[in-house]
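K.L.:
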Ligand SMILES: C[S@@+](CC[C@H](N)C(=O)[O-])C[C@H]1O[C@@H](n2cnc3c(N)ncnc32)[C@H](O)[C@@H]1O
């Protein structure tokens with residue numbers, strides 16, 4: 089499947105994003121503490137910290153693998169990622185150790201049905217055009233045996249946002265509810281709203297959620 093957003097992320101914008109947002113794990117922790125008052129590892133632990141440490145986990149849209157390196161620090165050992173940008177996949181080889189990160193699209197996940205215990209996205213669904221959500225969410229649900237998680241920009245209603253001067257590349261909504269609307273057999277296992285604490289981002293919120301098949 090080919091979309092306008094795929095061109096955006098595999099082009100100059102994507103490369104610049106990758107250069108701008110690659111942080112070592114200490115900086116990555118500080119980034120989350122600044123915005124939410126706790127680390128992403130704390131946020132993950134509250135949501136799916138109870139999963140066995142050998143659970144097979146796929147992140148869709150890994151960029152250089154910061155989130156997966158965080159999962160590794162939590163003790164998870166069976167980690168996979170897919171990422172659109174070749175540039176970020178190359179950088180992920182330097183950034184991560186012992187994590188399987190390959191170039192692929194979330195619209196066509198190159199793994200068989202139910203291959204993973206958990207499939208997760210972090211700030212990726214927000215960059216998918218709402219009309220394409222059934223396709224990518226369908227792929228994510230297909231590859232998961234049990235759990236689907238996400239940490240995404242939240243709003244009760246779908247909202248279009250201008251992204252660094254670009255229209256049509258960023259949205260916020262209730263992604264957990266969207267999954268259940270599209271796949272009504274999914275059950276909500278966890279949902280927590282995280283308001284941004286910084287003045288600049290006042291009123292903005294992210295949501296961490298876990299769905300169970
Ligand atoms: C905002 S970044 C988030 C990166 C990472 N998940 C994190 O939290 O640090 C979004 C990433 O998703 C990737 N991406 C966008 N659409 C994708 C798709 N259809 N399939 C796979 N990756 C995608 C982009 O190239 C980019 O690296």
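Residue numbers (the numbering used here): 89 to 301. Just so you know, even glycine gets a beta-carbon here, dropped at the ideal spot from N, CA and C.
1. Check whether the Cβ of residue 286 lies closer than 8 Å to any Cβ atom in chain D.
2. Ligand 1 and residue 150: does the residue's C-beta get closer than 7 Å to at least one heavy atom of that ligand?
3. Does the Cβ-Cβ distance between residue 119 and residue 111 come in under 8 Å?
4. Among residues of its own chain, excluding the 5 on either side of residue 113, which ones have a beta-carbon nearer than 8 Å to its beta-carbon?
5. Indicate whether residue 148 and residue 189 have their beta-carbon atoms separated by less than 8 Å.
6. Whose C-alpha, out of 207, 90, 96, is nearest the C-alpha of residue 252?
7. Take the Cβ of residue 151 as the centre, count every other Cβ of all protein chains shown within 10 Å, and call the residue buried at 16 or more, exposed below.
8. Based on Cα-Cα distance, which residue from 236, 295, 294, 131 lies nearest to residue 301?
9. Going by C-alpha distance, which of 138, 217, 278, 269 is nearest residue 239?
10. What are the boundary residues of the beta strand (DSSP E) that residue 283 is part of?
11. Do residue 220 and residue 244 have their CB atoms nearer than 8 Å?
12. For residue 281, count the other beta carbons within 10 Å of its own beta carbon; 16 or more makes it buried, fewer makes it exposed. Which is it?
13. Less than 7 Å between the CB of residue 211 and some heavy atom of ligand 1, yes or no?
14. Classify residue 89: buried if its beta carbon has 16 or more other beta carbons within 10 angstroms, exposed otherwise.
P.N.:
To lay it out plainly:
1. Of the protein chains in the structure, only one exists, and it is not chain D.
2. yes
3. yes
4. 154, 157, 158, 161
5. With contacts defined as CB atoms closer than 8 Å, residue 148 and residue 189 fail to qualify as a contacting pair.
6. 96
7. Classification for residue 151: buried.
8. 236
9. Ranked by Cα distance from residue 239, the first of 138, 217, 278, 269 is 278.
10. Per DSSP, the continuous beta strand (DSSP E) segment holding residue 283 begins and ends at 275 to 283.
11. No.
12. With fewer than 16 other Cβ atoms inside 10 Å of its own Cβ, residue 281 counts as exposed.
13. yes
14. The Cβ neighbour count for residue 89, taken over all protein chains shown within 10 Å, is under 16; the residue is labelled exposed.
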